[in-house]
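**Student:** In the working numbering, the protein residues as written are 37 to 133.
If you scroll down you'll find the structure; I have some questions about it.
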């Protein structure tokens, strides 16, 4: 966890992987209070199904309010910053190539 900069989880479903990421960060840094930890999701569900998909269309898994409540209940620090929007429209997409 010695990387500089913010941590971001895009596409949350139930938010378990983001929760795990924050818990691990907390294990490595006892002063971690959720600063620069951001979650991005539209909370509108998934796009149309393709043969490779296993989760139903528009199965959002969670709402913004449920996610915040879950973090407040599971953590002893502030919930992460939540950005509601489609990845690539409200959020600038950078290419790694």
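Note that the Cβ used here is the ideal one computed from N, Cα and C, for glycine as well.
(1) Quick check on the DSSP output: the alpha helix (DSSP H) that includes residue 85 runs from which residue to which?
(2) Under the three-state reduction of DSSP, which class applies to residue 56: helix, strand or coil?
(3) Along the beta strand (DSSP E) that carries residue 68, what are the first and last residues, could you check?
(4) Would you mind working out which of 56, 73 and 51 sits nearest residue 41, comparing C-alpha positions?
(5) Terminal residues of the continuous beta strand (DSSP E) containing residue 73?
(6) Taking just the CA atoms, how far does residue 60 sit from residue 46?
**Tutor:** Answer, in terms of the structure:
(1) One-based indexing of the chain shown puts residue 85 at position 49. Premise fails: residue 85 is in no alpha helix (DSSP H) and is neither H nor E.
(2) Here residue 56 refers to the residue found at position 20 of the chain shown. Of the three classes helix, strand and coil, the one that applies to residue 56 here is helix, per DSSP.
(3) Locating residue 68 in the chain shown gives position 32, where the first residue counts as 1. Counting along the chain, residue 68 falls outside any beta strand (DSSP E), and DSSP gives it neither H nor E.
(4) Stepping through the chain shown from its first residue, residue 41 is reached at position 5. Checking every option, the nearest Cα to that of residue 41 belongs to 73.
(5) Locating residue 73 in the chain shown gives position 37, where the first residue counts as 1. Its beta strand (DSSP E) spans residues 73-77.
(6) For the purposes of this step, residue 46 is identified with residue 10 of the chain shown, where counting begins at 1. For the purposes of this step, residue 60 is identified with residue 24 of the chain shown, where counting begins at 1. So the alpha carbons of these two residues sit roughly 18 angstroms apart.
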